[in-house]
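Novice: Going line by line, the protein sequences match chains G and V. The first sequence begins at 1 in the numbering used here and counts up by one. The second sequence begins at 110 in the numbering used here and counts up by one. Below you will find the structure I want to go over with you.
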Amino acid sequence: DQQVKQNSPSLSVQEGRISILNCDYTNSMFDYFLWYKKYPAEGPTFLISISSIKDKNEDGRFTVFLNKSAKHLSLHIVPSQPGDSAVYFCAAKNEKLTFGTGTRLTIIP
Amino acid sequence: ETGVTQTPRHLVMGMTNKKSLKCEQHLGHNAMYWYKQSAKKPLELMFVYNFKEQTENNSVPSRFSPECPNSSHLFLHLHTLQPEDSALYLCASSQDRLGAGEQFFGPGTRLTVL
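Structure below.
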């Protein structure tokens, strides 16, 4: 039973536009949510996180939104750049990190 | 070296071989993790070590045997693996196991079992 789901395996966005990556979860006990980015042949790298007591966290071009009533998390990247092309994983934490399956984002120049 | 390093980066082994994966973190962290990533599946947590003590074994078969001699090094010993064990094995570390801090990942070992 997957507690963290990323229903879109891939997403293509024009350079300069907004990229929106979505994540749904089922466990209301998660207290922290994170986004990781993974390039080929590299391990995932931390991007941005949000505590369950907040609904928004912003860091430069990256903003994470949390809707606890809907158990939904999203990552907005604006403006999108070619270097943003990667696989993005959302993860949720209670005693351990539980990861989604990832969304492959391709930024089209 | 900085961050989290893993060796080897690629490994091909037969089902009767014995091999070991090595992970080293240069971040002064106290918790280390082994994850398995199979195609089209989420990262699966295998083992957690906190201050060199194993705190979690996520129902991993005994053909995978972890070892943590100190807070900076983590090994995964492999023996009599099956072809379905072929995957990317990722090591990670964090300041501690329960904090909100993010985990730092190594580049992974791509394992192929023939």
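The beta carbon of each residue, even a glycine, is placed where N, CA and C say it ideally should be. Remember, it's a predicted structure, so these values are computed and weren't measured experimentally.
Below 6 angstroms CB to CB, which residues in the same chain sit around lysine 127 of chain V once its five sequence neighbours on both sides are set aside?
Specialist: So the list reads His188, once near-sequence residues are dropped.
Novice: In its own chain, which residues sit with a C-beta less than 6 angstroms from the C-beta of histidine 119 of chain V, not counting the 5 before and 5 after it?
Specialist: So the qualifying residues of the chain are Arg219.
Novice: Figure out for me which residue from V:Lys161, V:Glu153 and V:Cys177 has the closest Cα to the Cα of valine 169 of chain V.
Specialist: Nearest C-alpha to valine 169 of chain V: V:Glu153.
Novice: Do threonine 114 of chain V and glycine 215 of chain V have their C-beta atoms closer together than 7 angstroms?
Specialist: Yes; because the gap between Cβ atoms is below 7 angstroms, this pair is in contact.
Novice: Check each residue of the region 14-46 of chain G: if its Cβ is closer than 9 angstroms to any Cβ of chain V, include it; give the result in chain order.
Specialist: Answer set for the region 14-46 of chain G: Asp31, Tyr32, Leu34, Tyr36, Lys38, Ala41, Glu42, Gly43, Pro44, Thr45 and Phe46.
Novice: According to DSSP, which residues form a beta bridge with tyrosine 32 of chain G?
Specialist: Answer by DSSP bridge pairing, in chain order: G:Ser51 and G:Lys93.
Novice: Pick helix, strand or coil for aspartate 205 of chain V, following the three-state DSSP scheme.
Specialist: It is coil, neither helix nor strand.
Novice: Check whether the region 56-63 of chain G touches the region 95-105 of chain G, taking contact to mean three or more Cβ pairs, one atom from each stretch, closer than 8 angstroms.
Specialist: No, the region 56-63 of chain G is not in contact with the region 95-105 of chain G.
Novice: Please report whether the beta-carbon of lysine 56 of chain G lies at a distance below 7 angstroms from any beta-carbon of chain V.
Specialist: Not closer than 7 angstroms to any Cβ of chain V, the Cβ of lysine 56 of chain G fails to qualify, so no.
Novice: Below 8 angstroms on the Cβ atoms is my guess for serine 202 of chain V versus methionine 141 of chain V; work out the distance and round it to an integer in Å.
Specialist: Indeed, because the Cβ distance is near 5 angstroms, the residues count as touching under 8 angstroms.
Novice: With a 10 Å radius around its C-beta and 16 neighbouring C-beta atoms as the bar for buried, classify leucine 66 of chain G as buried or exposed.
Specialist: With 16 or more other Cβ atoms within 10 Å, it is buried.
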